[in-house]
Amino acid sequence: MASTTETGHNKNVANFSRAYQIFEEMGGLYNPTNANLQLANLAPIKVSLAGTITVLNDKKPVYKNAVADREVEIAPLGKLTTRALNFAKSTNISLTDKENLTSQAKKIRGDVKPKKVNPDTSESDAISTSQMSYDSRIANLSTYTSQLASHPEYVPNETDIQIASLQTYHQRLDTLSGLVNSAGNALITARKDRNNILYFNDANIIQLIRDIKSYLKSLGQTGEPYYKALVKLQFKDIKK
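In the working numbering, the protein residues as written are 80 to 319.
Written out as structure tokens, the structure is:
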């Protein structure tokens, strides 16, 4: 599915509200026979769209805050993993075990770090990809900690790289990432609801505006001023 910017979606929403005002201003002149174009049926769509925008605006800061909290908590992960690995390498475990731990540590640190997404503009694909990347690192930390715990020789004096501390750290990250996933999924749903009204419902706003333009042109000179006012309002279709 093609995408457009968040600004483009917002402009479509604002322009539909302005278009509706034009139709109201026309009074009795605006009297299409197509029921889909009548004000009585456009009004509920306008209200529904406003409701979805309110929900979407409420979901954005929840997701943004959850992402920020996880970002703060996960920041030390790479260095912590490396310190734990270095201690393990200093112990009398086999070379194969050290290589396995090194391989797992690389998965946690990640040669390609999860791409940060802008909570205000990210569409569903970017949000989902980011969630999976973070979840993968956190899951690898659990495996890594279990590998370390399997070696009795791994008994560092430093509290933050001890097994119990790493397990607690993993639990915190897992909880925070769960909150991000929940907020991200809610944001995806809110954007989907908005996009359905704008672009994908049978009576979507893009198609309604096209049909209304045709109707206004059919009114001849009496409808011409209103038609000109309407065409000045640009609507961008996400499906193009």
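The C-beta atom is built at its ideal place from N, Cα and C for all residues, glycine as well. All figures in this text were calculated on a predicted structure; none of them were measured in a lab.
message: Which of the three DSSP states is assigned to T86 in this structure?
response: By one-based count along the sequence shown, residue 86 stands at place 7. Helix, per DSSP.
- prompt: Can you tell me whether DSSP reads N274 as helix, strand or coil?
  reply: Taking the first residue of the sequence shown as 1, we reach residue 274 at position 195. Three-state result, N274: helix.
Nearest neighbour of K315, chosen from E150, A265, L277 and L108 [CA to CA]: Here the question's residue 315 lines up with position 236 in the sequence shown. It is L277.
message: Restricting to runs no shorter than 4 residues, where is the alpha helix (DSSP H) found entirely within the stretch 106–169?
response: 118–153 and 156–169
Per-residue burial, L252 [other beta carbons within 10 Å of its own, 16 or more giving buried]: Within the sequence shown, numbered from 1, the residue matching residue 252 stands at position 173. Buried, since its Cβ has 16 or more Cβ neighbours within 10 Å.
- prompt: Pick from G299, I291, A308 and R273: whose alpha carbon is nearest that of I317?
  reply: Counting from 1 along the sequence shown, the entry for residue 317 is found at position 238. Ranking the options by Cα distance to I317, first place goes to R273.
query: Does DSSP put E232 in a helix, a strand or coil?
result: Start at 1 with the first residue of the sequence shown, and residue 232 comes out as number 153. Of the three classes helix, strand and coil, the one that applies to E232 here is coil, per DSSP.
task: Look at the alpha carbon of L156 and the alpha carbon of N219, and state the distance between them as a whole number of angstroms.
output: For the purposes of this step, residue 156 is taken as the residue at position 77 of the sequence shown. For the purposes of this step, residue 219 is taken as the residue at position 140 of the sequence shown. Taking the straight line from one Cα to the other gives about 11 Å.
- prompt: According to DSSP, is E49 helix, strand or coil?
  reply: The structure shown has nothing for residue 49, since the chain only spans 80 to 319.
- request: In the DSSP assignment, find the unbroken alpha helix (DSSP H) run with D281 in it and report its ends.
  value: Here residue 281 is taken as the residue at index 202 of the sequence shown, counted from 1. Run containing D281: none; DSSP gives neither H nor E here.
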